[in-house]
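If you read the protein sequences in the order shown, they are chains A and B.
Here the first sequence is numbered in my numbering, starting from 547 and rising by one per residue.
Here the second sequence is numbered in my numbering, starting from 85 and rising by one per residue.
Note that CB positions come from ideal geometry on N, CA and C, so glycine has one too.
As structure tokens, the structure follows; a few thoughts come after it.
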Amino acid sequence: MICLSHLTKRYGAFTAVDDLSIDVREGEVLGLLGPNGAGKTTTIRMVTGFLPPSKGRVTVAGFDLYDHPIQAKQKIGYLPEQPPLHAEMTVHRYLAFVAALKDVPAGRTKAAVRLAIERAGITEVAGKRITTLSKGYRQRVGLAQAIVHEPPVLVLDEPTSSLDPQQRAEVRQLILDLKGRHTVILSTHILPEVSEVADRVVIISRGKVMAVDTPGNLAGRLRARDAVRLEIGAPAGADTVSPGRVREALAALPGALGIRVDIDAAGTITARIESEVGVDLRAAAAAMVTGRGWQLLGLSGEPLSLEDVFLALTRTDDERGG
Amino acid sequence: MRHAFVIARREIESYFVSPIAYAVMTVFTFVSGLFFSNMLVHYVRQAAMADAQIQRLGRSDLQLDVPTVVLAQFFQNEAFLLVLAIPLLTMGLVADERRKGTIELLLTSPVRGIEIVGGKFLGAFALLAMLLLPMVPMFAFMGAGGSWEAGVIASGLLGLLLLGAAQIALGLFVSSLCESLLVSAIGTYGLIVTLQFIDTTGAAGDSIWVRLLGSLSFYARHLNSTRGVVSIPDIVYFASHVAMGLFLAQRAVDALRYKRS
Numbered sequence: 547m548i549c550l551s552h553l554t555k556r557y558g559a560f561t562a563v564d565d566l567s568i569d570v571r572e573g574e575v576l577g578l579l580g581p582n583g584a585g586k587t588t589t590i591r592m593v594t595g596f597l598p599p600s601k602g603r604v605t606v607a608g609f610d611l612y613d614h615p616i617q618a619k620q621k622i623g624y625l626p627e628q629p630p631l632h633a634e635m636t637v638h639r640y641l642a643f644v645a646a647l648k649d650v651p652a653g654r655t656k657a658a659v660r661l662a663i664e665r666a667g668i669t670e671v672a673g674k675r676i677t678t679l680s681k682g683y684r685q686r687v688g689l690a691q692a693i694v695h696e697p698p699v700l701v702l703d704e705p706t707s708s709l710d711p712q713q714r715a716e717v718r719q720l721i722l723d724l725k726g727r728h729t730v731i732l733s734t735h736i737l738p739e740v741s742e743v744a745d746r747v748v749i750i751s752r753g754k755v756m757a758v759d760t761p762g763n764l765a766g767r768l769r770a771r772d773a774v775r776l777e778i779g780a781p782a783g784a785d786t787v788s789p790g791r792v793r794e795a796l797a798a799l800p801g802a803l804g805i806r807v808d809i810d811a812a813g814t815i816t817a818r819i820e821s822e823v824g825v826d827l828r829a830a831a832a833a834m835v836t837g838r839g840w841q842l843l844g845l846s847g848e849p850l851s852l853e854d855v856f857l858a859l860t861r862t863d864d865e866r867g868g
Numbered sequence: 085m086r087h088a089f090v091i092a093r094r095e096i097e098s099y100f101v102s103p104i105a106y107a108v109m110t111v112f113t114f115v116s117g118l119f120f121s122n123m124l125v126h127y128v129r130q131a132a133m134a135d136a137q138i139q140r141l142g143r144s145d146l147q148l149d150v151p152t153v154v155l156a157q158f159f160q161n162e163a164f165l166l167v168l169a170i171p172l173l174t175m176g177l178v179a180d181e182r183r184k185g186t187i188e189l190l191l192t193s194p195v196r197g198i199e200i201v202g203g204k205f206l207g208a209f210a211l212l213a214m215l216l217l218p219m220v221p222m223f224a225f226m227g228a229g230g231s232w233e234a235g236v237i238a239s240g241l242l243g244l245l246l247l248g249a250a251q252i253a254l255g256l257f258v259s260s261l262c263e264s265l266l267v268s269a270i271g272t273y274g275l276i277v278t279l280q281f282i283d284t285t286g287a288a289g290d291s292i293w294v295r296l297l298g299s300l301s302f303y304a305r306h307l308n309s310t311r312g313v314v315s316i317p318d319i320v321y322f323a324s325h326v327a328m329g330l331f332l333a334q335r336a337v338d339a340l341r342y343k344r345s
């Protein structure tokens, strides 16, 4: 549906995007993951025709973006990182304006705007001026303008990055609702977001593709071991809890590989137990702690952060290179 | 072409929620009124003096030539007012979109560069027409007083529209080079004030350069229309400024894609 081949963008001596090739299949949600400055926005701007690449081609729904820009752009709905809103207009009028720009036939504009408003969940603010809206609503208006002409391709640049957690969850849900209707390219630097909505993830760093895979595989590939984190407290007066005893007890758990135990000034003991991938030690660890009469203050599977993924990727890269 | 009208309509709408456009229209109309009443007072004085001379001497040397003296002066003053007003109306046309990032919407929509600048031009031109609208009741008032010079008035208004259109096209071009409204306005002032006042009629000598510069002057080209003369070369002259301004603006807008913003 969208084909990026050997896409390269240079600014003088600086290469922002370096020989990027990806095929996005119809109906797929592709996550573009990378830290700030990795080349996500530059890539997205080349895909939407805002920036011309220094080298390489982009084809959208069979139309080459540079030979047939008008036809290709009709197929794309685009939400830039900063939604391109005309703040002085009402939501309704703005969406009608965008619909006309995107070649929605005049007779269908009304229906298209109504549908976009409904899908973006902004019915209650449709008559208001955009300048009076909160950031979350503005982001939804931005999403509505991206889908108003029902494009087969939807390109979203960091759609949730400037929102609070509540709004972030709402916008994420909206994107999930759009899944299936559109082929989506979504950029973000938040790993959980990608794992929630994307079918495939491309990790880029310094303009280069580091990995392309499903979120599950990617996490699995990068994770040599699973880990469980425990917080243990002692009941008042009890002296049966000590780091040494905790270590000894945890080491007896079947499947436990590495154990690290710390104690803080308040006497709370934290322990991290590593195991083979796929072995979940949480239940066994909890049973053991309570069985000993200790207090279980906290228990969690250790989440894999983007930082971990990244560190892992760059490390293997360096090892290969060196 | 539909896109150009869509963009023009949005431009006009945004003028009407913008304090800048209201301020420009208010001041322009007020000062136009001032010029107009000065013109009438001047004319009435001349007429009274002529009457007195005729009564005393039986004849008068005073020329009571409304078309070439009174109206011409008025339209020349209006042209000067346009020089002041137009840069304020064109400064934001593209610069504001660049500043707010909404240019990204236009450049990623299935819209051609020429449709973008064409729409912007039409929007600003429509506002210019509205700016000149309050003159209609002024002239109607003058007509009620008996000196209705319809031909001169029509050619004067046409002249202002042509002059304004050329200024708008150039302002649009400058605006598409800028991200700051202030820089855009200053640049446009520089350009159109220069073009307005390169007038070499007072220059010594008659070299090719004097004539070349003189032929570039907006002022000299606009003069005919203030005297009731509709001349094809003048129309072509201003129209070619519009064409050049739109062409340069379109190139500048297309070149925005090559910049890092």
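Classify F257/B as buried or exposed, calling it buried when 16 or more other Cβ atoms lie within 10 Å of its own Cβ.
For the purposes of this step, residue 257/B is identified with residue 173 of the second sequence, where counting begins at 1. Buried, since its Cβ has 16 or more Cβ neighbours within 10 Å.
Output, in sequence order along the chain, the residues in the region 194-220 of chain B whose CB is closer than 8 Å to any CB in chain A.
So the list reads P194, V195, R196, given in the order they occur along the chain.
Under 9 Å between beta-carbons, which chain A residues line up against S98/B? List them in chain order, please.
Here residue 98/B refers to the residue found at position 14 of the second sequence. The answer, in chain order, is H632, E634, M635.
Taking 9 Å as the cut-off, decide whether the C-beta atoms of V575/A and K725/A are in contact.
Counting from 1 along the first sequence, the entry for residue 575/A is found at position 29. Counting from 1 along the first sequence, the entry for residue 725/A is found at position 179. It is a contact, given that the beta carbons lie within the stated cut-off.
Suppose contacts are defined by Cβ-Cβ distances below 9 Å. Is G608/A in contact with T192/B by that definition?
Translated into positions along the first sequence, residue 608/A becomes position 62. Translated into positions along the second sequence, residue 192/B becomes position 108. No, the pair does not count as a contact, with Cβ atoms beyond the cut-off.
What is the DSSP secondary structure of E777/A, reduced to helix, strand or coil?
Numbered from 1 along the first sequence, position 231 holds the residue referred to as residue 777/A. Strand, per DSSP.
Keeping to the same chain, check which residues put their C-beta closer than 6 Å to that of Y273/B; ignore five residues upstream and five downstream.
For the purposes of this step, residue 273/B is taken as residue 189 along the second sequence, with counting starting at 1. Taken in chain order, the residues that qualify are P171.
Using a Cβ-Cβ cut-off of 8 Å (strictly less than) and excluding sequence neighbours within five positions of I237/B, which residues of its own chain qualify?
Position 153 of the second sequence, counted from the first residue, corresponds to residue 237/B. These residues qualify, in order along the chain: L155, F223.
Is there a C-beta anywhere in chain A that falls below 9 Å from the one on L177/B?
Along the second sequence, one-based indexing puts residue 177/B at 93. Not closer than 9 Å to any Cβ of chain A, the Cβ of L177/B fails to qualify, so no.
At the 9 Å Cβ level, is L189/B part of the contact set with chain A, yes or no?
Start at 1 with the first residue of the second sequence, and residue 189/B comes out as number 105. Chain A contact via Cβ: present.
Is H735/A closer than 9 Å to P698/A when the C-beta atoms are compared?
Here residue 698/A refers to the residue found at position 152 when the first sequence is read from its first residue. Here residue 735/A refers to the residue found at position 189 when the first sequence is read from its first residue. No.
What number of angstroms, rounded off, separates the C-alpha of G176/B from the C-alpha of K656/A?
Along the second sequence, one-based indexing puts residue 176/B at 92. Along the first sequence, one-based indexing puts residue 656/A at 110. Rounded to the nearest angstrom, the two C-alpha atoms are 29 Å apart.
Please work out which residues of its chain come closer than 7 Å, Cβ to Cβ, to V115/B, disregarding the five sequence neighbours upstream and downstream, and give them in chain order.
Taking the first residue of the second sequence as position 1, residue 115/B is located at position 31. For V115/B, where only same-chain residues beyond five positions count, the Cβ hits under 7 Å are L165.
When you compare the CB of G185/B with every CB in chain A, is at least one pair closer than 9 Å?
Translated into positions along the second sequence, residue 185/B becomes position 101. By this cut-off, G185/B is an interface position.
Taking the DSSP output, what are the residues bridged to H728/A?
Start at 1 with the first residue of the first sequence, and residue 728/A comes out as number 182. Looking at the DSSP assignment, H728/A forms a beta bridge with K725/A.
Since H325/B contacts L254/B with CB under 8 Å, what's their CB separation in whole angstroms?
Counted from its first residue, the second sequence places residue 325/B at position 241. Counted from its first residue, the second sequence places residue 254/B at position 170. About 7 Å separates the two Cβ atoms, so the contact holds.
Quick test of your reading: G801/A and E822/A, contact by CB under 8 Å. State the CB separation rounded to the nearest angstrom.
Within the first sequence, residue 801/A is the residue found at index 255, counting from 1. Within the first sequence, residue 822/A is the residue found at index 276, counting from 1. Sure, about 7 Å apart at Cβ, within 8 Å.
Closest by CA to V314/B, which one among L206/B, S239/B, L297/B?
Taking the second sequence and counting its residues from 1, one reaches residue 314/B at position 230. Measuring from the Cα of V314/B, the nearest candidate turns out to be S239/B.
So does the region 181-196 of chain B actually touch the region 111-130 of chain B, counting three or more Cβ pairs closer than 8 Å?
No, the region 181-196 of chain B is not in contact with the region 111-130 of chain B.
Out of S551/A, A618/A, V717/A, state which residue places its alpha-carbon closest to the alpha-carbon of D649/A.
For the purposes of this step, residue 649/A is identified with residue 103 of the first sequence, where counting begins at 1. For D649/A, the nearest C-alpha among the options comes from A618/A.
Using only alpha-carbon positions, find the residue among A169/B, R86/B, F209/B that is nearest to I104/B.
Your numbering for residue 104/B matches position 20 in the second sequence. Considering only alpha carbons, the answer is A169/B.
Tell me the start and end of each unbroken alpha helix (DSSP H) in the region 687-757 of chain A that is at least 4 residues and wholly inside, in chain order.
Segments of the alpha helix (DSSP H) lying fully in the region 687-757 of chain A: 711-724, 737-743.
Taking 9 Å as the CB-CB cut-off, is I104/B touching chain A?
Working through the second sequence from its first residue, we reach residue 104/B at position 20. Chain A contact via Cβ: absent.
Taking CB distances under 9 Å as the criterion, tell me whether D564/A reaches chain B.
For the purposes of this step, residue 564/A is identified with residue 18 of the first sequence, where counting begins at 1. So, not an interface residue.
What are the complete beta strand (DSSP E) segments, minimum 3 residues, inside the region 133-204 of chain B?
Runs found: none.
So for Q841/A, helix, strand or coil by DSSP?
If you number the first sequence from 1, residue 841/A lands on position 295. Strand at Q841/A.
May I ask you to list, following chain order, the residues of the region 593-619 of chain A that have a beta carbon less than 7 Å from some beta carbon of chain B?
Of all residues in the region 593-619 of chain A, T594, G595, F596, L597, P598, I616, K619 have a Cβ within less than 7 Å of some Cβ in chain B.
Helix, strand or coil, according to DSSP, for A802/A in the structure here?
The residue labelled residue 802/A in the question sits at position 256 within the first sequence. Strand.
Under 9 Å between C-beta atoms, does G276/B make it to chain A?
As a first step, residue 276/B is located in the second sequence; it is residue number 192 there, counting from the start. Residue 276/B is actually Ile in this sequence, not Gly. No, I276/B lies away from the interface with chain A (no Cβ there is under 9 Å from its Cβ).
Which bits of chain A does V90/B rub up against, with CB to CB less than 7 Å?
Position 6 of the second sequence holds residue 90/B. Ordered by position in chain A, the residues that pass the 7 Å Cβ test against V90/B are F643, A646, L647.
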